[in-house]
Amino acid sequence: MYIAMNRFRVLAGAEQEFEALWLNRESRLQDVPGFVEFHMLKGSASEGHTLYASHTVWRDHGAFEAWTRSEAFRAAHGKAGGTRPLYDGHPQFEGFDVIQTIGREDGA
Numbered sequence: 001m002y003i004a005m006n007r008f009r010v011l012a013g014a015e016q017e018f019e020a021l022w023l024n025r026e027s028r029l030q031d032v033p034g035f036v037e038f039h040m041l042k043g044s045a046s047e048g049h050t051l052y053a054s055h056t057v058w059r060d061h062g063a064f065e066a067w068t069r070s071e072a073f074r075a076a077h078g079k080a081g082g083t084r085p086l087y088d089g090h091p092q093f094e095g096f097d098v099i100q101t102i103g104r105e106d107g108a
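Note that the sequence shown covers residues 1 to 108 in UniProt numbering.
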């Protein structure tokens, strides 16, 4: 598996607008080969910003790379530049190959 994360430093006072953008957007991820799951995470507030992270799990790095070259990727990121006033700096990408997964044996 491969995990792709983007960290966003959202300006203080812009959290509600940022969350609305994510919660109300049309996602096509579930139609993309190799997509496993997506989470939008909200972290702690610091002086001047609140930390958020998008966390997307892919079958493997190849599936993630294929998505970045797809029409679905272009559609999902086509309006990204219009939201810059919400951020303290640019989103920070981090990618990880999963080396271990531990799950509950009872599936709960």
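Every residue, glycine too, gets a C-beta built ideally from N, C-alpha and C.
Which same chain residues end up closer than 8 Å to residue i when comparing Cβ atoms and leaving out the 5 residues on each side of it in sequence?
{"i": "L41", "result": "Y52, A53, S54, H55"}
{"i": "G34", "result": "W58, R59, D60, G62, A63, F64, A66, W67"}
{"i": "G48", "result": "L11, A12, D88"}
{"i": "E17", "result": "L86"}
Rounded to the nearest angstrom, what separates residue i and residue j at their Cα positions?
{"i": "R69", "j": "S27", "result": "16 Å"}
{"i": "R7", "j": "A45", "result": "13 Å"}
{"i": "H90", "j": "E19", "result": "17 Å"}
Could you check where the alpha helix (DSSP H) with residue i kicks off and where it finishes?
{"i": "E19", "result": "15-23"}
Tell me which same chain residues have a C-beta within less than 6 Å of the C-beta of residue i, skipping the five on either side of it?
{"i": "G43", "result": "L51"}
{"i": "F73", "result": "W67"}
{"i": "V32", "result": "W67, A72"}
{"i": "E94", "result": "M5"}
{"i": "Q92", "result": "R7"}
Any idea which residues DSSP pairs residue i with across the strands?
{"i": "R9", "result": "L51"}
{"i": "A45", "result": "T50"}
{"i": "V57", "result": "I3, E37"}
{"i": "F73", "result": "Partner(s): none; F73 has no beta bridge."}
Below 7 Å CB to CB, which residues in the same chain sit around residue i once its five sequence neighbours on both sides are set aside?
{"i": "V57", "result": "M1, I3, V36, E37"}
{"i": "D97", "result": "Y2, H61"}
Check residue i in the structure and name its three-state DSSP category.
{"i": "E94", "result": "strand"}
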